[in-house]
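Undergrad: In our numbering, the protein residues as written are 1 to 362.
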Ligand code: OTD
Ligand code: ZN
Ligand code: ZN
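#1: Grouping DSSP H, G and I as helix and E and B as strand, with all else coil, what is residue 3?
#2: Look up residue 22 in the DSSP assignment and give the residues it is bridged to.
#3: Looking at the strands, I want to know which residues DSSP matches up with residue 235.
#4: Measuring straight from C-alpha to C-alpha, what distance separates residue 292 and residue 184?
#5: Do the CB positions of residue 347 and residue 280 come within less than 7 Å of each other?
#6: What do you reckon, are the CB atoms on residue 241 and residue 192 nearer than 7 Å?
#7: Which residues are close to ligand 3, meaning CB closer than 6 Å to any heavy atom, in chain order?
#8: Looking at the structure shown, is residue 70 part of a helix, part of a strand, or coil, going by DSSP?
#9: How many angstroms separate the CA atom of residue 19 from the CA atom of residue 222?
#10: Per DSSP, what kind of secondary structure is residue 362 in: helix, strand or coil?
#11: The beta strand (DSSP E) spanning residue 96 covers which residue range?
#12: Rounded to whole angstroms, what's the CA-CA distance from residue 327 to residue 91? Just pull it up for me.
#13: Is residue 288 buried or exposed, if buried means 16 or more other CB atoms sit within 10 Å of its CB?
#14: Taking the straight line between their C-alpha atoms, what separation do you get for residue 168 and residue 187?
#15: Going by DSSP in three states, residue 223 sits in which element: helix, strand or coil?
#16: Taking buried to mean at least 16 other C-beta atoms within 10 Å of its own C-beta, is residue 304 buried or exposed?
#17: Looking at the structure shown, is residue 181 part of a helix, part of a strand, or coil, going by DSSP?
#18: Per DSSP, residue 82 is paired with what?
#19: Is residue 52 near ligand 1, with its Cβ less than 6 Å from a heavy atom?
#20: Using C-beta distances below 6 Å, list every residue in its chain close to residue 351, excluding the 5 sequence neighbours before and after it, in chain order.
#21: Once DSSP output is grouped into helix, strand and coil, what is the label at residue 203?
The structure is reproduced here in structure tokens:
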């Protein structure tokens, strides 16, 4: 990473990074896909695209068709590559997964415990049911991406990630020591510690929002549905542990935004949807954290190097530049939803000033 200081003691004014990837994003479908895909493609060379559509992506054919819809939603000349994932269900066949991987359609499989989050109703009810799939994935070196929360109603929502690790993840890693696993969007100090002590086959993604907010953000002066996501933000001590992990330079932690747009009407409602839409300023948001932690020189590892190394994919060619140029994030983004109806999205950092801006490509 090249940092060019303006003066001897000044902080850098420009940051040049190898082009980054987003290892966890929701691009949606239809009108919403068209609205949000350009924001991800503008910053990232590749992204692991979540399969929790309605219906979910469970076949090679569905993934091929979804990939084509994503490409069609990109601005002309975009070089963005979507990396597609298979949505694991109790009944999905190992042969379908293997074929998708062999044909270069499925980069990874996503495990949602049934009912854990948006469109997770068809998820896995018991890991024992996908044992054959996991064995095949371990054999062919295909990563398993996990939404790591138990879904039992009697477990407190703030404890569901820690309990998942204890009850399900730790035993899974013992049963499948050769399986590559990404624990997605970690939110707790316990997850940080667990990932650190596990072997090289376990990694974790960290979102920008879990680095910026703790659970108080949802209740600041009233109920703030735009800060509600799953896994839900935790106490301050967890946020601090996540910031330390992300900026540590350790290769087991890398960038995954979990950008999850929902129309404003679905967020700001009596039963608001979970998800934070951070794609428009995701890299700027991370840069802010790395600067506050005095670790700007480690941003490139987190954003552009550790992910490809874990997935066994080549590094991206080319660079992007962040410029120190404070700017205010718009309070709303206006677009068209289904049937051409007006749809607003509220971006993460709405109305706030961010210090870094992604320079347009020359
Ligand atoms: N929202 N979290 C997740 C998905 C969504 O809207 C979504 O798709 C997730 O954990 O993957 C969330 O808050
Ligand atoms: Zn998830
Ligand atoms: Zn997600």
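Ideal Cβ positions, reconstructed from N, Cα and C, are used throughout, including at glycine. Given the structure is predicted, the values throughout are model-derived calculations rather than measurements.
TA: Working from what's here:
#1: Note that residue 3 scores a pLDDT of 49, beneath 50, so its modelled location is shaky; the value from the coordinates is reported in the next line. DSSP places residue 3 in strand when its eight states are reduced to three.
#2: Partner residues in the beta bridge of residue 22, as assigned by DSSP, are 47.
#3: Residue 235 pairs with nothing; no bridge assigned.
#4: Across the structure, residue 292 and residue 184 are spaced so that their CA atoms are roughly 24 Å apart.
#5: Residue 347 is a Cβ neighbour of residue 280, given a cutoff of 7 Å.
#6: Cβ atoms of residue 241 and residue 192: closer than 7 Å.
#7: In chain order, the hits are 24, 26, 50, 258 and 260.
#8: Here residue 70 sits in helix by DSSP.
#9: If I take the Cα positions, the gap works out to 39 Å.
#10: Caution applies to residue 362, whose pLDDT of 48 falls short of 50 and renders its modelled position unreliable; the value that the coordinates give is listed next. Correct three-state label for residue 362: coil.
#11: No beta strand (DSSP E) contains residue 96, which is instead part of the alpha helix (DSSP H) from 94-102.
#12: One C-alpha to the other measures close to 48 Å.
#13: Label assigned to residue 288: buried.
#14: Here the alpha carbon of residue 168 sits roughly 17 Å from the alpha carbon of residue 187.
#15: DSSP places residue 223 in the coil class of the three-state scheme, outside both helix and strand.
#16: Answer is buried; the Cβ neighbour count reaches 16.
#17: If DSSP states are grouped into helix, strand and coil, residue 181 belongs with the strands.
#18: DSSP, once it has assigned bridges, lists 47 as partnering residue 82.
#19: Checking the Cβ of residue 52 against ligand 1 gives yes.
#20: Cβ within range, chain order: 331.
#21: Per DSSP, reduced to three states, the secondary structure at residue 203 is strand.
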